[in-house]
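**Student:**
Numbering (my numbering), first residue to last: 57 to 256.
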C-alpha cells in the first residue's frame with residue numbers, strides 16, 4: 057500500500073541550487089556536507105544530492121548540483137543551469153587565483169545563463185586560512201590566503217547577494233550558507249510578486 061505523505065512534505069518547496077567555480081574550490085565537499093552532513097577529502101562522487109531546510113516557517117528542499125570547473129566542460133556546463141533558483145559561486149580561500157577567476161570567468165558565465173537568479177559568493181576551505189602549511193606554500197609564490205575583506209570586495213564587484221565563508225571539513229559556516237540560499241529564493245519570489253527583482 058502507498059504510504060501516507062506527511063502534511064509538511066506536501067507543502068515543501070522544491071528548488072535547485074547550483075555550485076559553480078574552479079576545480080578544487082570545494083564544491084563536492086560542500087555538497088556532501090549539505091546533503092549527508094559528512095566530510096570526505098577527495099570524494100569523487102556525491103549521490104542523492106538533496107538538502108532540506110526550514111526557513112520562515114516553510115519547508116524547503118534543494119536539489120544540489122555542482123558543476124565541473126575544468127575547461128573541457130565549458131560547453132557542457134550550461135546544461136546544468138536551466139531551472140536554477142540560486143547560484144553559489146565558489147572559490148577556495150587558500151587559492152587567490154580561484155577568487156580572480158570569479159570575476160574573469162564564473163560571474164560572467166552565470167549572469168549570461170541565469171539572469172536575475174540570486175548569486176551568493178562562497179569562500180570555501182576557511183579552515184586553511186590560518187593553516188601554517190598553506191601560509192608557507194603561498195608565501196613561496198608571494199601570495200597569501202584570501203582575506204574576508206577581499207572576498208567581500210569581490211562580492212560587491214559582481215553584485216552578489218551576500219558573501220559567506222565556510223569549511224566543509226569543520227562544518228563552520230555551512231548552515232549559514234544554506235539558510236542564506238533559502239532566504240534568497242524566498243525573497244526573490246516575494247520581490248517578483250511585488251514587481252521587483254532585487255537581491256537580499
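Positions of the beta carbon are idealized from the N, C-alpha and C atoms, including for glycine.
Alpha carbon to alpha carbon, what distance is there between residue 150 and residue 200?
**Tutor:** 8 angstroms
**Student:** From which residue to which residue does the alpha helix (DSSP H) around residue 160 run?
**Tutor:** Premise fails: residue 160 is in no alpha helix (DSSP H) and is neither H nor E.
**Student:** Tell me the DSSP secondary structure of residue 240 in three-state form.
**Tutor:** Here residue 240 sits in helix by DSSP.
**Student:** Count the other CB atoms, across all protein chains shown, that sit within 10 Å of the CB of residue 87; report buried if there are 16 or more and exposed otherwise.
**Tutor:** The residue is buried, with at least 16 neighbouring Cβ atoms inside 10 Å.
**Student:** Whole-angstrom Cβ separation of residue 118 and residue 83, contact assumed at under 8 angstroms?
**Tutor:** Wrong, their Cβ atoms sit about 14 angstroms apart, outside the cutoff.
**Student:** Restricting to runs no shorter than 4 residues, where is the alpha helix (DSSP H) found entirely within the segment 66-153?
**Tutor:** 83-92
**Student:** Per DSSP, residue 227 forms a beta bridge with which residues?
**Tutor:** Answer by DSSP bridge pairing: none, since residue 227 is not bridged.
**Student:** How long is the line joining the alpha carbons of residue 161 and residue 172, rounded to whole angstroms?
**Tutor:** Between the C-alpha atoms of residue 161 and residue 172 there is a straight-line separation of about 18 angstroms.
**Student:** Could you check the C-alpha separation between residue 253 and residue 242 for me, to the nearest Å?
**Tutor:** Note that residue 253 scores a pLDDT of 42, beneath 50, so its modelled location is shaky and nothing firm can be said.
**Student:** Evaluate residue 251 with the Cβ neighbour count: other Cβ atoms within 10 Å of its Cβ, from every protein chain shown; 16 or more gives buried, anything less gives exposed.
**Tutor:** In this prediction, residue 251 has a pLDDT of 43, which is less than 50 and means its spatial position is unreliable; nothing more can be read from the coordinates.
**Student:** Of the choices 112, 217, 155, whose alpha-carbon is the least far from that of residue 142?
**Tutor:** Comparing Cα-Cα distances from residue 142 to each of 112, 217, 155, the minimum goes to 217.
**Student:** Along the chain, where does the beta strand (DSSP E) containing residue 218 start, and where does it finish?
**Tutor:** 218-221
**Student:** What residue from 89, 91, 215 has the CA that sits closest to residue 166's CA?
**Tutor:** When only C-alpha atoms are compared, the closest one is 215.
**Student:** Quick one: complete alpha helix (DSSP H) runs, 4+ long, within the segment 190-216?
**Tutor:** Correct list: 204-214.
**Student:** Going straight from the alpha carbon of residue 140 to that of residue 156, what length do you get?
**Tutor:** 24 angstroms
**Student:** Can you say whether residue 192 is buried or exposed, counting buried as having 16 or more other CB atoms within 10 angstroms of its CB?
**Tutor:** Looking at its Cβ environment, which holds fewer than 16 other Cβ atoms inside 10 Å, residue 192 is exposed.
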